[in-house]
Amino acid sequence: MVQLTPEGKRGHLDQNTVKLVTKMIQAGNSVPEIRRTLGGINGQSILSYDDVRNWSAENTQSFSVNSLDKDARNLMSHISNKSYLVAYQKALDGSESRCSLASIFFMHETALEEVRSRGEVFIMDATYKTNNLGMPLISIQSVSHVGGNSLMSTPIAYAFVANEKIETYVWFLKSFKQAIFSCSREGIDPIFVIDKCSVLMNAIDQVFPNSKTMLCTWHMNQNFNKELSHIFIKSEDKQKCIELIREMIVSYTEDEFNDACRKYKVIATNNSFLQDCSSQKAQVYLESNWLVCKDKWAGYITRMYNHFGCTTSQRVEGIHSALKSGSTSTRLDLLSSFDEVDKYVNRQIIKQKMTGIKEGCYVDGMIRNNVQLAELVGKVSARALLTIQKSMLKARMMSNDKKRACMNNTCSCSDRIIYALPCKHEIVRMGDKVLVVEDISSRWLLKNATAYNTTMATNTPVVNIPDTDDKQRIEFHQADIGNKVNKTDEFSSIWWKLNSNTVIVSQLLSQMLSVIS
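Going left to right, the sequence shown walks through residues 1 to 517 as full-length UniProt numbering numbers them.
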């Protein structure tokens, strides 16, 4: 993304074009309308989408502390009273008497614990059309430990900002770094998953110099799909190139990556496939835009990162889409727009607590009956237990030769590297050991969870099953049911389901209670 400065792209536009763009922005024309009006060279607009968007931000009314002093202070107080950490950025216009509030950062206090326990990867993106001041909303999400196969997203930090220039991103990231400084785990440099934006990448390098950045592979695929249009004579050749890009993204080794690159080049530089024989745009686009930063997207490199399966920015974009499809719009003031974000944050907090409670109580029957996992049940999330169980099954299927070979060798299994969980090779090295919580990364531990007793002792604890609204709890005492229920064929069938399958709470409990009554 290019900053719009007098020395930048704007400096290359004639005065009439500058006036035209300014008038269109002030008249409320959309960015696509402005770009279409400007036209360009070879079908490409003179200014990029981000160029016009930043220009538009400069012409947006500022949030003045002087003219709106009461409103500004009320906003700060309102956000703070909702249990958020708040930071703000002032913009000076010639004198201290004309300072304005340019950007507002806010982070819920509960996010600090999430960063402390699970601050390995942050997904970051910005969106527009959430407030009547035209201020972009920047969001950061992380990956939760609960949610089963589809791990839930955790809201971490937000900011309404003046624009998307590098100084704004640097301020946002510094505010974020200061907020998490006291709770970040030592020795962990976070991974940021973002769209391909040079300004944001430069800002991350400045504020988090030791961190790694990954580019959204979904947007990468979309970019290639767009850029390779009207280059090839046959659409099949374009599709082959896109498939080869996908092979590069998921490559397991450097040789696989290089092989896909060679195949791509054969197609992209074959004049008989191209509409314009004098141009090799497809190959130039790959080399100049993507190979120069392959460490941020090439599969054989990123698979060595602890990113927990996050290779796209879809987690954040999904949240933005949900916010804008709900109540947030360009009609809302900042306070009302914040309230909508706050509602989402609190919904996620409740959902994750509820999911954590359920995962602590209801576990797959095979896992509960696995002696090696007995000490982890009720203490570790469902995703972690399921992954370890699968690793144990894989370990049992390994030949004796492979088992002996892995005793002294370090593997590159995704379970161990990407998800920080024991892989089949580590299971082999552990032998028949009963796993305890100290063997598992703390990011997978359930909060305030107690061990689930897999035996049918008379002192089996009460299992509390909250409903979705947390308004009532059904108390289910296993030993008590054992005394009341005659073990009919119907009961035996239900009990077998409980011990062999993942429990579907609402259905199986209602069946059991109907048998009792």
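Glycine residues also receive a C-beta, built at the ideal position from the N, C-alpha and C atoms. Since the model is a prediction, treat every value here as computed from it, not as a measurement.
- Looking from the CA of L286, the closest CA among A179, C261 and A322 belongs to C261.
- Taking C-beta atoms under 8 Å as the contact rule, I79 and V115 fail to qualify, at a distance of about 19 Å.
- For D295, there is no enclosing alpha helix (DSSP H), since its DSSP letter is neither H nor E.
- Taking every protein chain shown into account, the CB of H230 has fewer than 16 other CB atoms within 10 angstroms, so this residue is exposed.
- Residue burial annotation: C216 is buried, with at least 16 other C-beta atoms found within 10 angstroms of its C-beta.
- With respect to the 7 Å criterion, S175 and F105 are classified as neighbours on the basis of their beta carbons.
- Nearest to A282 by C-alpha distance, out of V292, L291, T269 and L85, is T269.
- Put simply, of T154, M135, G39 and A72 the residue whose alpha carbon is nearest the alpha carbon of K353 is T154.
- Note on geometry: alpha-carbon atoms of I25 and N81 lie some 36 Å from one another.
- Ranked by how close their Cα comes to the Cα of E247, the residues K234, E227, V52 and M220 have M220 in first place.
- By the Cβ-count criterion, G148 is exposed, with fewer than 16 other Cβ atoms from all chains shown falling within 10 Å of its own Cβ.
- The C-beta of A322 has fewer than 16 other C-beta atoms within 10 Å across all chains shown, which makes the residue exposed.
- In this structure M76 does not touch K351 by the C-beta definition: roughly 28 Å separates them, more than the 8 Å allowed.
- A distance below 6 Å between beta-carbons, with the five flanking residues on each side excluded, links S272 to no residue of its chain.
- The beta carbon of E426 is closer than 7 Å to those of R416 in its chain, skipping five residues each way along the sequence.
- Under the rule that a run must span 3 or more residues, no beta strand (DSSP E) segment is found entirely inside the stretch 341-383.
- For M124, there is no enclosing alpha helix (DSSP H); the residue is found in the beta strand (DSSP E) stretching over V121 to T127.
- Just measuring C-alpha positions, the residue of L435, R368 and G431 sitting nearest A395 is G431.
- Within its own chain, the residues whose Cβ lies closer than 6 Å to the Cβ of F122, once the five positions on either side in sequence are excluded, are I140, S142, P190 and F192, listed in chain order.
- With respect to the 7 Å criterion, E120 and N306 are classified as neighbours on the basis of their beta carbons.
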